[in-house]
Amino acid sequence: MQDKRFGRLVVVGYKYIPGNNGADSHYLCDCDCGTKGHPVKSAYALESGHTTSCGCWEGSGRDTYQGFKGSRAHRESACEFYFVEVAGGPLQKFGISVDTVKIRGIKSYGNYTKYYRLAKGLNRAKCWVIEQVMLYETLENFPTKNDIDAAGIGEGWLGGTELRIGLDIDQCCKRIDFLVEQACLKSWRGLYEQFVTGHQRDLRKQQLRKAIAAGLLEDHSKMQIE
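Position 143 of the sequence shown, counting from 1, maps to 510 under my numbering, and the rest follow consecutively.
Below you can see the structure in the form of structure tokens.
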């Protein structure tokens, strides 16, 4: 993997993190925008095209509106949406994955400690839309640096922008159930246009800023979040 290019990313190393059977280890990548040492959890994320930048370039990754619009195979690929407890609480996280079997066994992400919701049977594009809705609607519950430190989660933790704290679990589960129901009735673009259009880019910028403030991401001067 060393020196291989994947989109805007070039693999420059691999960081092994002891504990959890090395589950928190990741590849380090330099991005064309100037970001150094951007962490990527797995070789699969790079080789499959799911991760092609540090997040600096709108549309550069495949999990974007343009990415799904341009690839039928990608948007219709198998996927699951999950809502989990992290590090024993009070942190929570929303996410999508092609392999929750490993996550359920707490092998891929060693800090996932409880499942609140696992939505199966939807394609990746629909799971992604649901994820964007939940992340936007809970943005005010982004954890602070003190919250992150107390949970023992440091810089480079994969999925840091998707962390939340102090959520009303029942309310979130009801919202997820509603969105899943809507996803079964609508196309992924119909779902996107009804629930996401207009705030997606704002969500991305705010999450990056909050993740930097919480110490989850390094503040690179060239990181393009404006």
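Built from N, CA and C at the ideal position, the CB exists for glycine as well. Just so we're clear, the structure is a prediction, and the values are computed from it rather than from any experiment.
- Secondary structure note for phenylalanine 450: it is in no alpha helix (DSSP H), and the uninterrupted beta strand (DSSP E) holding it is 445-453.
- Per the Cβ contact rule, the region 401-410 is not in contact with the region 531-538 (fewer than 3 Cβ pairs under 8 Å).
- Under the DSSP assignment, tyrosine 411 falls outside any beta strand (DSSP E), being part of the alpha helix (DSSP H) whose first and last residues are 410-414.
- Counting the other Cβ atoms within 10 Å of the Cβ of lysine 481 gives fewer than 16, which makes it exposed.
- The C-alpha of cysteine 446 is placed about 25 Å away from the C-alpha of phenylalanine 509.
- By the Cβ rule, the region 554-573 counts as touching the region 485-503, because three or more pairs are nearer than 8 Å.
- The C-beta distance from tyrosine 449 to glycine 462 rounds to 6 Å, short enough to fall under 8 Å.
- Taking the Cβ atoms as the reference, valine 379 lies roughly 6 Å from cysteine 396, within the contact range of under 8 Å.
- Fully contained in the region 529-576 are the following alpha helix (DSSP H) runs of length 4 or more, in chain order: 536-552, 555-562.
- By the neighbour-count criterion, in which a residue is buried when 16 or more other Cβ atoms sit within 10 angstroms of its Cβ, glycine 434 is buried.
- Membership of arginine 484 in any alpha helix (DSSP H) is not indicated; the residue belongs instead to the beta strand (DSSP E) covering 479-490.
- In the DSSP assignment, isoleucine 515 falls within the unbroken alpha helix (DSSP H) covering 512-518.
- Taking C-alpha positions only, alanine 390 is separated from isoleucine 384 by approximately 8 Å.
- Take tyrosine 503, set aside five residues on each side of it, and the residues of its chain with a beta-carbon closer than 6 Å to its own are His566, Leu570, in chain order.
- The continuous beta strand (DSSP E) containing tyrosine 394 extends over residues 393-398.
- In terms of Cβ geometry, threonine 528 and leucine 575 form a close pair [threshold 8 Å].
- Nearest in C-alpha terms to tyrosine 432, of all of Gly455, Thr564, Gly374, is Thr564.
- Counting only the Cα atoms, histidine 393 lies some 17 Å from arginine 375.
- Leucine 530 places its beta carbon 8 Å or farther from that of valine 500.
- Between alanine 518 and valine 465, the C-beta gap is not smaller than 8 Å, which leaves the two residues out of contact.
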